[in-house]
Amino acid sequence: MSILQTLILFSFLLSASHAAVQDFCVGDLSAPEGPAGYSCKKVSAVTVNDFVFSGLSVAGNTSNLIKAAVTPAFVTQFPGLNGLGISLARLDIAPGGVIPLHTHPGGSEVLFVIQGSISVGFISSSANTVYLKTLNKGDSMIFPQAIALPIECW
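The sequence shown runs -19 to -1, 1 to 135 under mature numbering (1 follows the signal peptide of the UniProt record, and there is no 0).
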């Protein structure tokens, strides 16, 4: 084997050594939550149910002041999400409903419109630029870690 082949093989082995040492980290909800999420459940205690959530099929009650309801599927409801940097939620918003200004400091969000039209946007924290768009049925938008503008439905 030539020196060049040996160096390439050695470089490959070094880069491969930084691979993830575990496939997943199902949240141990009985432990305290830290800045990086929950500690991992023992693998022997993990079940398929940790990776399944069925709570998003029922519409939320929108008969309130903001005419909206959020059904969360965060790590506390869906332990298999722990450490993945993602979460899910169902947003039901009635005509004339509004979601107030809020932030997403811990992660990004993807919005997919199933029915109706909504006006959505966000403000970039680095350039202080507003990105605003009307979305219709079938549209989706990514909200990077940023300040989200109010969501309005009509």
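Each residue gets a CB set at the ideal place from its N, CA and C atoms; glycine is no exception.
Endpoints, the beta strand (DSSP E) within which residue i is located
i, result
"A50", "49 to 54"
"I104", "98 to 104"
Residue i in three-state terms, based on DSSP
i, result
"S121", "strand"
"G61", "helix"
"V27", "coil"
"F32", "helix"
Classification of residue i by the beta-carbon crowding that lies within 10 angstroms, buried from 16 upward
i, result
"T84", "exposed"
"V24", "exposed"
"G8", "buried"
"A49", "buried"
"F59", "buried"
"G77", "exposed"
"F103", "buried"
"N63", "buried"
"G15", "exposed"
"L46", "exposed"
"K22", "buried"
Residues that DSSP places opposite residue i in a beta bridge
i, result
"A70", "P53"
"E90", "F124"
"H85", "In DSSP, H85 forms no bridge with anything."
"V111", "I104"
"G18", "G15"
"G8", "C21"
"P116", "Contrary to the premise, residue 116 reads as Leu rather than Pro in this sequence. Answer by DSSP bridge pairing, in chain order: I99."
Chain D contact for residue i (CB, 8 Å cutoff)
i, result
"A75", "Of the chains in the structure shown, none is chain D; there is only one protein chain."
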